[in-house]
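J.: Below is a structure I'd like to ask you about.
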Amino acid sequence: MIDDDLIAARVIARERVACDVISLRLVSDAPDLPLPAFEAGAHIDLHLRDGLTRKYSLCNDPFERGVYEIAIKREPASRGGSAHMHDAVRVGDVLRIGAPLNYFPLAPDGSPAVLLAAGIGVTPLLAMAHSLIRAGRPLALHYFVRSDDAAAYRPTLASRLADVATVHTGLTPDATGDAIAAIVGAMDARAHLYFCGPAPFMAAVDAIARPALGDVRLHHEYFSAPIAGEAAGAGDAGGEAGAFRIELARSQRVLLVPPGQSITDVLFDHDIPIATSCEAGICGACRTAVLAGTPDHRDAFLSAAEKGRNDCMMPCVSRCRGERLVLDL
13 MIDDDLIAAR VIARERVACD VISLRLVSDA PDLPLPAFEA GAHIDLHLRD
63 GLTRKYSLCN DPFERGVYEI AIKREPASRG GSAHMHDAVR VGDVLRIGAP
113 LNYFPLAPDG SPAVLLAAGI GVTPLLAMAH SLIRAGRPLA LHYFVRSDDA
163 AAYRPTLASR LADVATVHTG LTPDATGDAI AAIVGAMDAR AHLYFCGPAP
213 FMAAVDAIAR PALGDVRLHH EYFSAPIAGE AAGAGDAGGE AGAFRIELAR
263 SQRVLLVPPG QSITDVLFDH DIPIATSCEA GICGACRTAV LAGTPDHRDA
313 FLSAAEKGRN DCMMPCVSRC RGERLVLDL
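Heads up, the sequence shown is in the numbering used here, so the first residue is 13 and it goes up one at a time.
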């Protein structure tokens, strides 16, 4: 361990798994303290230099104890996370990680699963596919990529997952929508749909699948901020909002959140600690309990039902539908 919260994980393998994606395999740097077990859909927080934190899905078979595998796509507009991982991290390096968290689990009812992925969004679905196969649950994995060399984990898809995986290469947006509609239309009445990928793909799947399946059978994880208004139950994400007050119940402070600043910005300005990572409302790191007031939900993390309860919010993007929020901070 590095400290009470972080784990020292050593890189034991590095491989290029697509034209712009590398994989890293990690084990505990303490031989007598193996990495915690995880379930399909889980991710880890990777703590980089200068306080930078990035979330990466665990994509190997959860049955493989003591090893984590993550995949990192080089982002052209990287703020230092993916570029650092591609350019600086090598076998033998020790990284600081958090214990696995899972906000994207498989339904525990034994139901069939349809997995839809695009780009780097395939990573959590690979772990799901491995788990589903081990459990003997029916599944189909559909992977949408722009080109053959952009498809991550081709050998795995062509071997262990060959019977369940279909790769859709180079489809236009219209053709992608048609394929998604056909997949959803052919789903078993008991099947659940799990999807992950870039924002336009997520918006397309949500628009097609939600009317047919509803919230209960639909599960997603965003890797990038959704197109405005596409997240389930989103508030007026595209509009400007006025100032409002936040009252911090535990620290007994009252702060003003002006237009153009997020709640987390204001908290940071006043040296009030809060966990953050994506700062785009997609990861759940900053989830905060709401004790009074009505949030204007603008995130893509909470479900429509959770947003309807108004008892928590993502303060990195969400605001207030009034003049006052009381937060459990």
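The beta carbon of each residue, even a glycine, is placed where N, CA and C say it ideally should be. Every value quoted in this text rests on a predicted model; they were computed, and no experiment measured them.
What three-state label does DSSP hand I14 in the structure shown?
T.: Translated into the one-based positions of the sequence shown, residue 14 becomes position 2. Annotation note: pLDDT 47 at I14 (below 50); position unreliable, coordinate value reported separately. DSSP places I14 in coil when its eight states are reduced to three.
J.: Measure from the alpha carbon of E51 to the alpha carbon of each residue in L137, A255, A25 and A152, then state which is nearest.
T.: Taking the first residue of the sequence shown as 1, we reach residue 51 at position 39. Looking at the Cα atoms, L137 is the closest of the given residues.
J.: Quick test of the definition: if touching needs 3 or more C-beta pairs under 8 Å, does the segment 55-74 touch the segment 109-116?
T.: yes
J.: Residue range of the beta strand (DSSP E) that E318 falls in?
T.: Your numbering for residue 318 matches position 306 in the sequence shown. Per DSSP, E318 belongs to no beta strand (DSSP E); it is in the alpha helix (DSSP H), A316 to R321.
J.: With F213 as the anchor, note down where its beta strand (DSSP E) starts and where it stops.
T.: By 1-based counting over the sequence shown, the position of residue 213 is 201. Under the DSSP assignment, F213 falls outside any beta strand (DSSP E), being part of the alpha helix (DSSP H) whose first and last residues are A211 to L225.
J.: Determine the direct distance from the alpha carbon of K67 to that of M326, and round the result to whole angstroms.
T.: To locate residue 326, count along the sequence shown from 1; it is residue 314. To locate residue 67, count along the sequence shown from 1; it is residue 55. When rounded, the distance between both Cα atoms is 16 Å.
J.: Since V106 sits in a beta bridge, which residues does DSSP pair it with?
T.: In the sequence shown, residue 106 corresponds to position 94, counting from 1. Paired residue(s): R22.
J.: Output the boundary residues of the alpha helix (DSSP H) element that contains D191.
T.: Indexing the sequence shown from 1 puts residue 191 at position 179. What sits at residue 191 in the sequence shown is Ala, not Asp. Unbroken alpha helix (DSSP H) run through A191: P185 to G197.
J.: Is M325 helix, strand or coil when you go by DSSP?
T.: Reading the sequence shown from its first residue, position 313 is the one you call residue 325. It is a strand residue.
J.: Taking contact to mean at least 3 C-beta pairs separated by less than 8 Å, is the segment 122-142 in contact with the segment 187-201?
T.: The way I'd put it, the segment 122-142 does touch the segment 187-201; three or more beta-carbon pairs between them come closer than 8 Å.
J.: Using alpha carbons as the reference points, say which of R229, V39, A119 and M140 lies closest to V196.
T.: For this step, residue 196 is matched to residue 184 along the sequence shown. It is R229 whose Cα lies nearest to the Cα of V196.
J.: In terms of alpha-carbon separation, which member of T288, E318 and E259 lies closest to E335?
T.: Your numbering for residue 335 matches position 323 in the sequence shown. Taking only the C-alpha atoms, the option nearest E335 is E259.
J.: Taking the alpha helix (DSSP H) that L64 belongs to, which residues open and close that run?
T.: In the sequence shown, counting from the first residue as 1, residue 64 sits at position 52. Looking at the DSSP string, L64 is not in any alpha helix (DSSP H), and its letter there is neither H nor E.
J.: Which residue or residues does DSSP assign as beta-bridge partners of V157?
T.: Position 145 of the sequence shown holds residue 157. Its beta-bridge partners are T181.
J.: Please list, in chain order, all residues of the same chain as T135 whose beta carbon is under 6 Å from its beta carbon, the five residues on each side excluded.
T.: Working through the sequence shown from its first residue, we reach residue 135 at position 123. So the list reads S69, C71 and A83, once near-sequence residues are dropped.
J.: Quick one: what's D308 bridged to in DSSP?
T.: Here residue 308 refers to the residue found at position 296 when the sequence shown is read from its first residue. Answer by DSSP bridge pairing, in chain order: R331.
J.: Please report how far the alpha carbon of D160 lies from the alpha carbon of T181, in whole angstroms.
T.: On the sequence shown, residue 160 is found 148 positions in, with the first residue counted as 1. On the sequence shown, residue 181 is found 169 positions in, with the first residue counted as 1. The alpha-carbon atoms of D160 and T181 are separated by roughly 7 Å.
J.: May I have a chain-ordered list of the alpha helix (DSSP H) segments no shorter than 4 residues that lie completely inside the segment 105-153?
T.: Runs found: 134-147.
J.: Let me know the secondary structure DSSP gives H98 once reduced to three states.
T.: Locating residue 98 in the sequence shown gives position 86, where the first residue counts as 1. In this structure, H98 counts as helix in the three-state DSSP scheme.
J.: Pick out whichever of S171, A152, P223 and G93 has its Cα sitting closest to the Cα of A203.
T.: Locating residue 203 in the sequence shown gives position 191, counting from the first residue. Taking only the C-alpha atoms, the option nearest A203 is A152.
J.: For the putative contact between R146 and F256, defined by C-beta atoms under 8 Å, what is the C-beta separation to the nearest angstrom?
T.: Within the sequence shown, residue 146 is the residue found at index 134, counting from 1. Within the sequence shown, residue 256 is the residue found at index 244, counting from 1. R146 to F256, Cβ: 49 Å. No contact.
J.: How would you label T300, buried or exposed, when you count the other beta carbons within 10 angstroms and need 16 or more for buried?
T.: In the sequence shown, residue 300 corresponds to position 288, counting from 1. By the neighbour-count rule (16 or more Cβ atoms within 10 Å), T300 is buried.
J.: Just confirm the distance between the C-beta atoms of V126 and L205, as a whole number of angstroms; I'd bet it's less than 8 Å.
T.: In the sequence shown, residue 126 corresponds to position 114, counting from 1. In the sequence shown, residue 205 corresponds to position 193, counting from 1. Sure, about 5 Å apart at Cβ, within 8 Å.
J.: Excluding the five sequence neighbours on either side, which residues of its own chain have a C-beta within less than 7 Å of the C-beta of I220, listed in chain order?
T.: Taking the first residue of the sequence shown as position 1, residue 220 is located at position 208. Counting only Cβ-Cβ distances below 7 Å, and skipping sequence neighbours, we find G189, I192, A193 and V196.
J.: To the nearest angstrom, report how far apart H232 and L225 are at their CA atoms.
T.: For the purposes of this step, residue 232 is taken as the residue at position 220 of the sequence shown. For the purposes of this step, residue 225 is taken as the residue at position 213 of the sequence shown. Roughly 13 Å separates the two Cα atoms.
J.: Alpha carbon to alpha carbon, what distance is there between A141 and L173?
T.: Reading the sequence shown from its first residue, position 161 is the one you call residue 173. Reading the sequence shown from its first residue, position 129 is the one you call residue 141. Rounded to whole angstroms, L173 to A141 spans 8 Å at the Cα level.
J.: By how many angstroms is the C-alpha of I34 removed from the C-alpha of H98?
T.: Residue 98 sits at position 86 when you count from the first residue of the sequence shown. Residue 34 sits at position 22 when you count from the first residue of the sequence shown. Each residue's Cα considered, the two are about 7 Å apart.
J.: Measure from the alpha carbon of G293 to the alpha carbon of each residue in L268, K319 and F156, then state which is nearest.
T.: Residue numbering aside, residue 293 sits at position 281 when the sequence shown is read from its first letter. For G293, the nearest C-alpha among the options comes from K319.
J.: Check for me: the alpha helix (DSSP H) holding A170 runs from which residue to which?
T.: The sequence position of residue 170 within the sequence shown is 158, counting from 1. Unbroken alpha helix (DSSP H) run through A170: R166 to A170.
J.: If you draw a straight line from the C-alpha of R310 to the C-alpha of S289, how long is it?
T.: Residue mapping note: residue 310 aligns to position 298 of the sequence shown, counting from 1. Residue mapping note: residue 289 aligns to position 277 of the sequence shown, counting from 1. Answer to the nearest angstrom: the Cα atoms are 16 Å apart.
J.: Please name the residue in R37, F235, A21 and A20 whose C-alpha comes closest to that of R28.
T.: Reading the sequence shown from its first residue, position 16 is the one you call residue 28. When each option's Cα is compared against that of R28, the closest is R37.
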